[in-house]
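A.B. asks:
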């Protein structure tokens with residue numbers, strides 16, 4: 002992250018009807034066989050490859066929205082694996098934006114899917130080997146521990162939803178508690194506790210928190226409760242968040258936060274005009290510099 | 002449900018190392034080619050087929066734990082689709098136990114994955130066509146609406162997590178609120194509101210609630226707040242819940258609740274001895290009768 006002078010995470014949530022034209026053309030032109038799902042999944046993987054080629058140098062990670070791959074079925078899952086490998090070959094971390102949360106035995110199965118492998122009578126089946134996953138904490142600590150344990154074993158991480166970026170987030174997450182604070186404050190406490198055993202370089206923990214860019218006042222308050230936590234901050238761009246209002250995320254230093262941007266980069270050409278790859282690079286470079294400069298001036 | 006005199010949901014969370022012996026043998030013996038993931042996924046699909054064959058007549062639905070399929074990658078997703086189709090051919094409803102919850106645009110993508118189809122330049126890609134999905138409400142109403150809208154269009158349903166069955170559930174779900182009640186009470190209110198537009202036969206809504214069998218006192222209290230809601234109740238058996246303590250779920254009548262049982266049926270032969278299929282049928286028949294008799298005596 003520091004070597005690249007970037008805290009920018011490239012969000013990839015590919016919509017088969019809005020891929021970069023070159024990605025769709027690549028699969029349409031050859032007359033290659035396959036079902037619509039297979040064609041669409043190949044085009045999605047090619048789109049992700051093109052976007053990573055264009056802007057990967059500006060970024061430190063990619064965040065893959067699982068829903069966008071799952072809707073293409075088995076071929077979509079193959080595209081997810083291909084994109085994961087491709088991003089890692091480009092020295093990018095892969096954050097599986099899965100928002101999973103389930104009881105212990107099922108959480109352990111998700112850990113096998115995303116971090117580990119599944120023992121079978123036919124030999125072990127490797128998961129997608131993500132570097133991090135996003136997780137939903139509604140089911141409590143015992144639902145997160147199997148993911149964290151598995152992540153920790155391989156030097157990966159878990160980002161727990163604490164305060165999301167969507168308009169309806171406050172409906173549950175900001176409910177006021179009898180004992181003071183709100184649900185999201187309590188989730189922050191859970192994250193701090195779970196991360197204590199996993200403090201790494203820069204004094205930062207391997208259990209991170211997702212906090213939306215759209216509510217800078219809450220981000221500042223939650224950062225005070227989470228001094229050792231890497232914040233993954235979505236919501237810049239299409240959802241209305243501004244990099245300039247995010248200074249508190251870098252209170253622990255430049256490694257203290259990751260800014261995830263999806264549509265504002267991938268669809269930059271709709272706003273800026275011109276070639277998709279060039280527009281994406283321009284926007285990614287601008288966002289990378291804005292975040293880095295903010296982090297250096299904050300620390 | 003009434004025609005079958007059953008409220009029993011067969012939970013399928015297949016572990017490739019604990020499949021019924023005949024399922025593993027079927028794929029091992031033929032010397033068929035494939036990767037470990039392909040072999041394991043075929044064995045998982047065969048296991049699900051055998052279990053459905055054995056106990057399907059006692060049940061009204063199957064609940065498929067997505068984590069168990071995802072950990073086998075693309076072949077696992079194929080097994081998920083095959084099992085969905087097979088269960089529906091056996092006149093069983095399919096509940097995708099996905100516990101998804103994401104911001105609006107991603108929730109819409111999950112709706113395409115589970116209920117609808119995804120438009121692509123290569124033609125539409127069908128999702129798995131589940132009859133219901135489980136959903137996590139931490140992100141609020143706007144994260145649930147795309148799933149509910151899509152479900153409602155095709156006569157399917159959404160079961161929202163309100164109070165889960167795991168030991169750590171109370172950590173977040175039972176936090177006391179300044180305005181009275183707990184988080185789970187508030188989630189129940191959300192479910193009631195979201196279901197108002199989808200009241201169907203028996204006066205029951207198409208937005209259901211997941212409430213664990215392990216906390217019968219909370220189940221009774223939440224039922225009072227949710228008089229028109231179908232409760233999906235996991236946690237009977239391996240997690241310690243007892244059918245006999247669940248009478249309040251049937252307050253609206255026999256169609257008011259579904260009892261989901263996984264390991265207690267599929268692994269019944271570990272406890273009862275004998276053939277896996279026979280033991281599963283014995284246990285499923287016992288549970289079906291216990292639930293039906295309870296529902297008839299409650300109503």
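Chains as they are written, first to last, in this note's numbering: chain A, 2 to 300; chain B, 2 to 300.
Even glycine gets a Cβ: it sits at the ideal position worked out from N, Cα and C.
1. Closer than 9 Å, Cβ to any Cβ of chain B: which residues of the stretch 108–135 of chain A, in chain order?
2. Report the partner residues of residue 118 (chain B) according to the DSSP bridge assignment.
3. Mark residue 54 (chain A) as exposed unless 16 or more other C-beta atoms lie within 10 angstroms of its C-beta, in which case mark it buried.
4. Counting only beta-carbon atoms, is residue 154 (chain A) nearer than 7 Å to chain B?
5. Between residue 27 (chain A) and chain B, is the shortest Cβ-Cβ distance under 7 Å, so that the two count as touching?
6. Of the residues A:39, A:94, A:52, A:85, which one's Cα is nearest the Cα of residue 72 (chain A)?
7. Indicate whether the contact test is met: 3 or more Cβ pairs, each with one atom in the stretch 81–101 of chain A and one in the stretch 97–113 of chain B, closer than 8 Å.
8. For residue 231 (chain B), which three-state DSSP category applies?
9. Taking just the CA atoms, how far does residue 285 (chain B) sit from residue 161 (chain A)?
10. State yes or no: is the beta carbon of residue 48 (chain A) nearer than 7 Å to at least one beta carbon in chain D?
11. Return the CA-CA distance between residue 74 (chain B) and residue 192 (chain A), expressed in angstroms with no decimal places.
12. Counting Cβ pairs, one atom from each stretch, are 3 or more of them under 8 Å apart for the stretch 137–149 of chain B and the stretch 54–66 of chain A?
13. If we count Cβ pairs, one from each stretch, closer than 8 Å, do we get three or more for the stretch 88–95 of chain A versus the stretch 76–83 of chain B?
14. Is the distance from the Cβ of residue 240 (chain B) to the Cβ of residue 215 (chain B) below 7 Å?
15. Residue 203 (chain B) CB to nearest chain A CB: under 7 Å?
16. List the endpoints of the continuous beta strand (DSSP E) containing residue 16 (chain B).
17. For residue 9 (chain B), I'd like the list of residues in its chain whose CB is within less than 7 Å of its CB, leaving aside the five on either flank, ordered along the chain.
18. Could you say which of B:283, B:274, B:195 lies nearest to residue 142 (chain B) if we only look at CA atoms?
19. Go to residue 160 (chain B), then tell me how far its beta strand (DSSP E) extends in each direction, as first and last residue.
20. May I ask which residues mark the beginning and end of the alpha helix (DSSP H) holding residue 281 (chain A)?
21. Under 9 Å Cβ-Cβ, which residues of chain A neighbour residue 89 (chain B)?
22. Am I right that residue 229 (chain B) and residue 247 (chain B) are in contact with their C-beta atoms under 8 Å? What's the rounded C-beta distance?
23. Let's test the definition: count the other Cβ atoms within 10 Å of the Cβ of residue 198 (chain B) and tell me whether it reaches 16, buried, or not, exposed.
24. Only counting the same chain, and skipping five residues up and downstream in sequence, which positions put a Cβ closer than 7 Å to that of residue 1 (chain A)?
25. Closer than 8 Å is the cut-off here; do at least three beta carbon pairs connect the stretch 249–258 of chain A with the stretch 16–28 of chain A?
26. Secondary structure at residue 208 (chain A), three-state DSSP: helix, strand or coil?
27. Short of 7 Å in beta carbon distance, which residues of its chain neighbour residue 15 (chain B), apart from the five on each side in sequence? Order them along the chain.
28. Below 9 Å on C-beta distance, what does residue 21 (chain A) contact in chain B?
29. For residue 43 (chain B), decide whether its Cβ has a neighbour in chain A, counting only Cβ atoms nearer than 7 Å.
30. Can you look up residue 213 (chain A) in the DSSP assignment and give me helix, strand or coil?
31. Could you pull out every residue in the same chain whose Cβ sits closer than 8 Å to the Cβ of residue 118 (chain A), ignoring the five residues on either side in sequence?
C.D. replies: Quick look at the numbers:
1. 108, 109, 110, 111, 112, 113, 114, 115, 117, 118, 119, 120, 121, 122, 123, 124, 125, 126, 127, 128, 129
2. B:127
3. exposed
4. no
5. no
6. A:39
7. yes
8. coil
9. 37 Å
10. Among the protein chains of the structure shown, namely A and B, there is no chain D.
11. 29 Å
12. no
13. no
14. yes
15. no
16. Premise fails: residue 16 (chain B) is in no beta strand (DSSP E) and is neither H nor E.
17. 59, 60, 61, 260, 262, 285, 288, 289, 292
18. B:195
19. 158–164
20. 277–299
21. Within chain A, no residue comes near residue 89 (chain B); the closest Cβ sits about 16 Å away, beyond 9 Å.
22. 18 Å between Cβ atoms; not a contact.
23. exposed
24. Look at the range of chain A in this structure, 2 to 300, and you will see that residue 1 (chain A) is not part of it.
25. no
26. strand
27. 45, 48, 49, 69
28. Chain B residues near residue 21 (chain A): none, gap ~12 Å exceeds 9 Å.
29. no
30. coil
31. 125, 126, 127, 128
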